[in-house]
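Have a look at the structure below, then the notes.
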Amino acid sequence: MNRPRKMAIAAVVLLLAAAMPCALCSGKRVLALIGSEDIRSSHSQYFQGLRDAGLEVDVRGHKDSGLKLADYDTPRYDHLLLLAPRATSFGGSLSKASILEWADAGGNLLVALAPGASDLVRGLAADLGVEVDAKGTRLYDHFSRQAAGGATDPSLVATSAWIDSDAFLGAARPSSPVLFRGVAQAVPTSSELVTVLLSGEATSYSHDPTKAAAEPPLLPAGGAAALVSAVQSRNNARALVVGSLDLLGDELFDAAVEVAESGKSYPQSGNRAFALAATLWAFQQRGVLEASAPRHRNVVTGEEGPSPYRVKDEVQFEIDIFEVEGGERRPFKSDDVQVSFVMLDPYIRQPLQHAGDGKFSLRFTVPDVYGVFKYAIDYHHAGYSYINLEHVVPVRPYRHDEYERFILAAYPYYASAASTMAAFLVLGLAFLYGK
Amino acid sequence: MRAQHWLLLCLLATSILCIIAQEDVAGDANSIPDPAAAAEEPPTPAQPKKAKATTAVVLSVGAAEAEVIAASGKRLSRKAADYGQALLDGVSLEAGASIEVTFTPQADGAASKPQQAMLLLQPKAHKGLSAYAVAKARKDGAHVVSLSQALVEKQLGSLGGKLSVTLLLGDPAAPKGVRWELGTVKLPAAEAGLQPSPVYRTALVQPISNVLPNIAHIFRQPDKRPAAAVSLVFTALALAPLALLLLFLLATGGLGLQNFPTGAGSLWALLFHGGIASILVLYWLFWTRLNLAQTLPPALGLGAVTAAVGYKALGALADARLQQERAGVTPAKKGN
């Protein structure tokens, strides 16, 4: 009775842990802070796109009095859209610290930058783990830039170097280059929580015209110049740092693209598709995983949640993983979810098998080492929420009577014991009653 | 009023003169220069930053020169090529050695200092990775850029094999950048097992998941056992003495039970030997299926009964022998 109950409690706890960040993911309330009133009209298509996706966008000036992200611990908004790159302070009770605190509680954030972004906004990006290139710099590309309509501005860059990931961008990718005018970011390979969604083409570089050119690797150039990067913190709250406020604007949404060097032209830029896809990811409308009901059983006896295991038992571990996209729950399909069976070191680490119905399982033989083991799943795949769970199962050795009996190699010993006993009986009879 | 008219006329005249002068120098009829700016700055393309609002410059590069410098600093070879031709032809770049590429960017034919003057290095074996080397301007307008293994390693980690080298020139004043495929250089092979590790993530090359190598537990191998035939032969050997004993007893008639008691003594004898046999059977059951707790009670019971019955049976045997002795019949003496 005790074991199933324990297992049930563990499952409930895990469910809660998995569901906690998701208490917000169903949230639809967006606070959009704009740096100037023009943005209402210059970014109207972007706002409309978000509203069409079912989000409730509340557009406010960044200096509005009475701005508040949370009433005590109850969030007022689920997502924050910060379209005020030059803001030096916020109205109401909003500050960098309060925004970060709200994000720590699970709030999702989009920060738009621009050349000349304020220290406040740069600092916010830095606290999210994204290094924005120095003040005064902007991204240039003399080869892959917008040339439609005779444009010559080398800082209006056209790039097709977006991440090839369904988790971030959905099944469809932008069909034409994305136009970008803004500052580059640098994301070190070691930053585990950040993923670069959009980079410059190989010919781009970040530069401050008033200063001498930096030397790489300090100079963000080519792909290392990150234009849009995505952060997913350990509590599964998300943030998107967009280097260009204009990328989200109507002007570039509608612009036709002609790439300067190649001369290739496209009727419409990929900005709308890219910007909305990336924003919907950041606002938990895509790539959200729900892991539930981890369970295990002994394959031979069929016992559910046996504890402890016996060495060399044949057991099966199972867990349900579903993907939530725009409120719709469907089975997750991936071959890279690994489970490990760990006692200090992993003794077994194998990918979970699935049949496409959201049920992931692994059947294995318990190692011939006894002690306190645990199942551990630590799933980090860029664009999907993290799955992190552990479940302890002790493993015991064979009991004295569980070893193999009647070994062929021991037959001479059995035979000698039996023959001694038989001889004792026969000799007794012969001695007492023989002639 | 009149003074103002004169002033306007003068301004017009100077601006027309300025336009003519500008066109002579820049040779570009499209631009409409701002007279104030044109008057302030000498119209050299060396300062494209200010000129960008006014002129559209054409960037170009004439010839370039590559010099291989050994790790010792010794200059090994030198090669020059005109724009568009391959300058580097798979030159091997040993550790410590470097290649210096010298070129003179030109704007509208005059030496200039464009905003972007760099070499783009792309490893052929790893798509999507690129390293850069920024050119430095010398006083005479020539730009020098040095390539080495260390430079690539600093940006992309350890990496070997062929790199394609492209010269990129670009400037905000020039609507078109200059791209010149210089050819390839060859880096010494990377140490076995080392993968390139770029310093920065890019959208196309970055770790996507934390998948770790799979681990399967290696079970301890069971001890080696003798072949079945060997075990069976030794089993037969272990049983051989019993077989020999039975043969001997049968041959000598030892199993004839000639002295088996009759009457009440026979009942005790049967019970006694049955008791011993059942104790032996209990032993066997203990080894095969019972545990100690299950075995001890019947063992105690059987033992007590067998002891009591044995006392009677052996007593009866002894009585029988005594009676025979008293009757003067000496029973056949058995060898002990």
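In order, the protein sequences belong to chains A and B. The numbers in our numbering rise by one with no breaks, and the one at position 221 of the first sequence is 221. The numbers in our numbering rise by one with no breaks, and the one at position 327 of the second sequence is 327. All residues carry an ideal CB built from backbone N, CA and C; glycine is no exception.
Among B:Ser98, B:Glu153, B:Val144 and B:Lys139, which has the Cα closest to the Cα of Pro123 of chain B? Selection B:Ser98, B:Glu153, B:Val144 and B:Lys139 evaluated against Pro123 of chain B yields B:Glu153 as nearest (Cα-Cα).
If we count the other Cβ atoms within 10 Å of its Cβ and call it buried at 16 or more, is Leu168 of chain B buried or exposed? Classified as buried, Leu168 of chain B has 16 or more neighbouring CB atoms from the shown chains inside 10 Å of its CB.
Contact check, Leu93 of chain B vs Ser130 of chain B, beta carbons under 8 Å: For Leu93 of chain B and Ser130 of chain B, no; Cβs fall outside 8 Å.
Contact criterion: CB-CB distance below 8 Å. Does Arg201 of chain B meet it with respect to chain A? At least one chain A Cβ lies under 8 Å of Arg201 of chain B.
Could you name the residues of chain A that Gly275 of chain B contacts, counting a contact when the two beta carbons are closer than 9 Å? Within 9 Å Cβ-Cβ: nothing; Gly275 of chain B doesn't reach chain A, min ~11 Å.
Buried or exposed: Ser41 of chain A, going by 16 or more other Cβ atoms within 10 Å of its Cβ? Burial check for Ser41 of chain A: the Cβ neighbour count within 10 Å stays below 16, so the residue is exposed.
Quick check on DSSP: helix, strand or coil for Asp24 of chain B? Residue placement at Asp24 of chain B is flagged as unreliable, the pLDDT there being 41, under the threshold of 50; the coordinate-derived value follows with that caveat. In this structure, DSSP gives Asp24 of chain B a helical state, which the three-state scheme calls helix.
Hey, Gly223 of chain A and Ala203 of chain B: beta-carbon distance below 8 Å or not? Yes, Cβ-Cβ distance for Gly223 of chain A and Ala203 of chain B is below 8 Å.
Cβ-Cβ distance between Ala161 of chain A and Glu201 of chain A below 8 Å: It is a contact, given that the beta carbons lie within the stated cut-off.
For Ser231 of chain B, which of helix, strand or coil comes out of DSSP? Ser231 of chain B falls in the helix class under three-state DSSP.
DSSP on Ala70 of chain A, reduced to helix/strand/coil? Of the three classes helix, strand and coil, the one that applies to Ala70 of chain A here is strand, per DSSP.
In whole angstroms, what separates the C-alpha of Phe406 of chain A from that of Phe364 of chain A? Rounded to whole angstroms, Phe406 of chain A and Phe364 of chain A show a C-alpha spacing of 27 Å.
Can you name the start and end residues of the alpha helix (DSSP H) that Val426 of chain A belongs to? Where Val426 of chain A is concerned, the enclosing alpha helix (DSSP H) starts and stops at Tyr411 to Tyr433.
Paired residues, beta bridge with Glu94 of chain B - DSSP: DSSP, once it has assigned bridges, lists no residue as partnering Glu94 of chain B.
Beta-carbon within less than 8 Å of Thr189 of chain A's beta-carbon, same chain only, minus the 5 sequence neighbours each way: which residues are those? Excluding sequence neighbours, Thr189 of chain A sits near nothing in its chain.
Since Ala239 of chain A and Asn388 of chain A should fall inside the 8 Å C-beta cutoff, what is the C-beta to C-beta distance between them, to a whole number of angstroms? In fact, because the Cβ distance is near 19 Å, the residues do not count as touching under 8 Å.
On the DSSP letters alone, give me the boundaries of the alpha helix (DSSP H) that Pro297 of chain B sits inside. It spans Leu292 to Arg326 - the alpha helix (DSSP H) in which Pro297 of chain B sits, taken as one unbroken run.
Assign Asn214 of chain B to one of two classes, buried (16 or more other C-beta atoms within 10 Å of its C-beta) or exposed (fewer than that). Counting Cβ neighbours within 10 Å, Asn214 of chain B comes out exposed, since fewer than 16 surround it.
Note the first and the last residue of the continuous beta strand (DSSP E) segment covering Asp82 of chain B. In this chain, the beta strand (DSSP E) harbouring Asp82 of chain B covers Arg75 to Asp82.
Proximity of Asp89 of chain B and Gly183 of chain B at Cβ, strictly below 8 Å: For the pair Asp89 of chain B and Gly183 of chain B, the CB atoms are nearer than the 8 Å cut-off.
Partner residues on chain A for Lys154 of chain B, Cβ-Cβ distance less than 8 Å: Residues of chain A whose Cβ lies closer than 8 Å to the Cβ of Lys154 of chain B are, in chain order, Pro216 and Pro217.
Proximal residues, the segment 124-141 of chain A versus chain B, C-beta separation under 9 Å: Along the segment 124-141 of chain A, the positions whose C-beta sits under 9 Å from a C-beta of chain B are Tyr140 and Asp141, read in chain order.
What are the boundary residues of the beta strand (DSSP E) that includes Glu328 of chain A? For Glu328 of chain A, the enclosing beta strand (DSSP E) covers residues Glu328 to Pro331.
Is there at least one Cβ from chain B nearer than 8 Å to Phe143 of chain A's Cβ? At least one chain B Cβ lies under 8 Å of Phe143 of chain A.
Given a cut-off of 8 Å, decide if Gly170 of chain B and Pro457 of chain A are closer than it, judged by their beta-carbon atoms. Missing from the structure shown is residue 457 of chain A; chain A here goes from 1 to 435 and no further.
Quick check on His217 of chain B - is its C-beta less than 8 Å from some C-beta in chain E? In the structure shown, chain E cannot be found, because the protein chains are A and B.
Name the one or two DSSP bridge partners that Asn322 of chain A has. The displayed chain sequence assigns Phe, not Asn, to residue 322 of chain A. In the DSSP assignment, the residues bridged to Phe322 of chain A are A:Glu290 and A:Pro331.
Quick check: the segment 423-432 of chain A against the segment 250-260 of chain B, are at least 3 beta-carbon pairs closer than 8 Å? The segment 250-260 of chain B, when compared against the segment 423-432 of chain A, does touch it at the 8 Å Cβ threshold.
Quick check on the burial criterion: 16 or more other C-beta atoms within 10 angstroms. Buried or exposed for Asn291 of chain B? When all chains shown are included, Asn291 of chain B counts as exposed.
Output, in chain order, the set of chain B residues within a Cβ distance shorter than 9 Å of Ala469 of chain A. As displayed, chain A neither begins before 1 nor continues past 435, which places residue 469 of chain A out of reach and without an answer.
Gln350 of chain A - partner residues in DSSP beta bridges: Gln350 of chain A is bridged to A:Val339.
Straight-line Cα distance separating Asp357 of chain A from Asn298 of chain A: Straight-line Cα distance between these residues: approximately 22 Å.
Verify the CB distance criterion: does Leu113 of chain A have a CB-CB separation below 8 Å to chain B? Using a Cβ-Cβ cut-off of 8 Å, Leu113 of chain A does not count as an interface residue toward chain B, since no Cβ of chain B sits closer than that to its own.
In angstroms, rounded to a whole number, what distance separates the CA positions of Ala84 of chain A and Ser191 of chain A? Answer to the nearest angstrom: the Cα atoms are 26 Å apart.
Could you tell me the alpha carbon to alpha carbon distance between Ser334 of chain A and Glu328 of chain A, rounded to whole angstroms? Straight-line Cα distance between these residues: approximately 18 Å.
In angstroms with no decimal places, state the Cα-to-Cα distance between Ala221 of chain A and Val178 of chain B. Taking the straight line from one Cα to the other gives about 17 Å.
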